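Asks:
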Amino acid sequence: MAFGCSLSDINLFLNTAPDKVIDIIVDGAANTDATLAPEWSNWDNKQFNTSDNNKSYYHTLLQKQAFTDLANNGFRERLALFWSNHFVVEFRDVNQPAYLYQYYNLIQANCLGNFKTFVSEIGLAPAMLRYLNGFQNKKNSPNENYARELYELFTLGEGNGYTQEDITETARALTGYNRSTTYLGVIEFNENTYDSSSKTIFGRKGKWGYQDVIDILFEEKKDLIADFIATKMYRYFVSPVVDSAVVSAMADTFKESEFELIPMLKQLFKSEHFFAATNNNVLIKSPIDLMVGLHHSLSFEYQESVDLENNFKNKCRDMGQEIFSPVDVAGWQGDHDWINSETLPKRWEFADYLLIKYWQKDKIQFQTFIKALVGSEEKNLRVIVTKLKDFMFCHYEIKEEELTDAINIFKGEVPENYFEDRTWSLDDNTVPMQVYDLMRFFVTLPEFQLK
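Numbered per our numbering, the sequence shown spans residues 3 to 453.
(1) According to the neighbour-count rule (16 or more other Cβ atoms, all chains shown, within 10 Å of its Cβ), is T184 buried or exposed?
(2) What does DSSP give as the partner residue(s) for T165 in the beta ladder?
(3) Among the candidates F352, K389 and Y101, whose CA atom is the shortest distance from the CA of G187?
(4) Between the beta-carbon of I109 and the beta-carbon of E146, is there less than 8 Å?
(5) Which whole-angstrom value is the C-beta distance of K365 and V308, which I expect to be below 8 Å?
(6) Within a Cβ cutoff of 8 Å, which residues of the same chain sit near E160, ignoring the five residues on either side of it in sequence?
(7) Bridge partners for I27 per DSSP, in chain order?
(8) Exposed or buried, L38, counting other C-beta atoms within 10 Å across all chains shown (16 or more means buried)?
(9) Excluding the 5 residues flanking S53 on each side, which residues of the same chain have their C-beta closer than 6 Å to its C-beta?
(10) Output the distance between the C-alpha atoms of L375 and E274, rounded to the nearest integer angstrom.
(11) Can you tell me whether T177 is buried or exposed, with buried defined as 16 or more other CB within 10 angstroms of its CB?
(12) According to DSSP, R206 sits in a beta bridge with which residue or residues?
(13) With distances taken Cα to Cα, identify the nearest neighbour of V28 among L114, R384 and N55.
(14) Tell whether a beta-carbon distance below 8 Å holds between F337 and P242.
(15) Taking the alpha carbon of A279 as the point to measure from, which residue in G211, Q362 and Y398 has its own alpha carbon closest?
(16) Indicate the three-state DSSP secondary structure (helix, strand or coil) for L452 in the structure shown.
(17) Rounded to whole angstroms, what is the Cα-Cα separation between K389 and F302?
(18) Skipping 5 residues on each side, what residues in its chain have a beta carbon closer than 6 Å to that of T172?
(19) Anyone know if the C-beta pair for V240 and F276 falls short of 8 Å?
(20) Is DSSP giving E262 helix, strand or coil here?
(21) Check the DSSP bridge columns for I286 and list the partner residues they point to.
(22) Can you tell me where the alpha helix (DSSP H) holding V215 begins and where it ends?
(23) The alpha helix (DSSP H) that contains L126, what's its start and end?
(24) From F371 to P448, what distance separates their C-alpha atoms?
(25) DSSP puts K381 in a beta bridge; with which residues?
(26) Give me the Cβ distance between P128 and Q104, rounded to the nearest whole Å; I'm assuming they're in contact under 8 Å.
(27) Helix, strand or coil for E146 per DSSP?
(28) Below 6 Å CB to CB, which residues in the same chain sit around F314 once its five sequence neighbours on both sides are set aside?
(29) On the CB-based measure, 16 or more other CB atoms within 10 Å of its CB, does Q335 come out buried or exposed?
(30) What number of angstroms, rounded off, separates the C-alpha of R174 from the C-alpha of Q451?
(31) Nearest to K223 by CA position, among M3, F15, D330 and L152, is which residue?
(32) On the DSSP bridge assignment, give the partners of N116 in chain order.
(33) What residue range is occupied by the uninterrupted alpha helix (DSSP H) comprising Q436?
(34) Please state whether DSSP places K22 in a helix, a strand or coil.
(35) Taking 8 Å as the cut-off, decide whether the C-beta atoms of F395 and M3 are in contact.
(36) Hey, would you say P434 sits closer than 8 Å to Q369, going by beta carbons?
Written out as structure tokens, the structure is:
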């Protein structure tokens, strides 16, 4: 549900019933405070231009903060990442760091709330008004961009339940949000640019405005909305191959709760289907999954001189996932799109990079970790290697030849007779390197790319 699971997480929930664990995780995420506003969170363009840094500096600050949140806040930030790839903006197109922060803050506040409220608020976010041209949408020159994506990408799905006429009429109803007293400052409603004449949306005629559009959409198309969002959630958390019965039940719960997200998500996570073995190793980790998941799972220390968040930002970008900048308005499609001849070697390299940084900081933490994982008295190499495999991977049956290779790598330079006569133990000074080498081997296996 989050990004990896540390040993402390496992120990915390070891004796807790699964449905109770789900409640703790989801409710805890819902009650997590949003990221504190930086001093520049409400600056306009002039204030950024007269500051000591360029806009790129502030964008980078927010991207790095997002990676800090991803590593620390678990499930809430996984949902924030999901929604930032649903209600897409691209920060370079927005080109206003305060707008980007406000957008991020809005996503954090709504990612486990009411979806109708979420849709209503995101459309008026300055970043969205700028990215999808709502700011240019005026009665004398309506812009259909946001109206189209509201239906196609945000609520209904492409070509599903709307017509071009609905888009045209909706665009007229969404006019007016283009008053700003300072350039790239607060955006307000302007009565003079709003089209107050009659429009017909989904067969309903009236002098509709912004909130009317949202109300009509959720009244007339509730079945389509519920199915669209439930399907997308299922594909994100479970499998690219949709189980229609499970999704249908999720959609029913979503509608019955008046589009509250928590009941639908809890229903999914508490189901036997969610834990079924057939749903293991069917999703390819995103670059952020790969890097943040490994980091959170191990919870190892690194040198203070290492700007880990900046490295996360840059390396995930190089693997195809720059935070706050999906590939286009439709977002990252994920799964097989993450893997190609260019990105796969980088995924090996960057996972290895993390292990190297941990090693450079403190070799002993590898030994401390394995003793905590398997028990300090364990000497059976097969048990040790298998338990580490089970910790680092979503459950799968490792091939016997791969297990043999892993055991041989773990043995390293330790003489064979030390294992045969049982003089070797996890207290030996060779163990940090043995664990380090084994982890470096594991992150190269194909199954490490899966979840």
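We put the beta carbon where it would ideally sit given N, CA and C, even for glycine.
As the structure is a prediction and not an experimental result, all values here were calculated from the model.
Replies: By the coordinates alone:
(1) exposed
(2) T165 is bridged by DSSP to nothing; it lacks a bridge partner.
(3) Y101
(4) no
(5) At roughly 16 Å, the Cβ-Cβ gap does not stay under 8 Å, so K365 and V308 are not in contact.
(6) So the list reads E154, once near-sequence residues are dropped.
(7) According to DSSP, which records beta bridges pairwise, I27 is partnered with nothing at all.
(8) exposed
(9) none
(10) 27 Å
(11) By the neighbour-count rule (16 or more Cβ atoms within 10 Å), T177 is buried.
(12) I203
(13) Across the set L114, R384 and N55, the C-alpha of L114 shows the shortest separation from the C-alpha of V28.
(14) According to the sequence shown, residue 337 is Asp rather than Phe. Contact: yes.
(15) Y398
(16) strand
(17) 18 Å
(18) A149, I203 and V215
(19) yes
(20) strand
(21) L452
(22) Y212 to E222
(23) From DSSP, L126 is part of no alpha helix (DSSP H); its letter is neither H nor E.
(24) 24 Å
(25) None; K381 has no bridge partner.
(26) Cβ atoms of P128 and Q104 come within 8 Å of each other, at about 6 Å.
(27) coil
(28) F69 and M293
(29) The residue in question, Q335, is exposed, as its Cβ has fewer than 16 Cβ neighbours within 10 Å.
(30) R174 and Q451 have their alpha carbons spaced roughly 46 Å apart.
(31) Residue L152 is the option with its Cα nearest to K223.
(32) E262
(33) V433 to F444
(34) helix
(35) no
(36) yes
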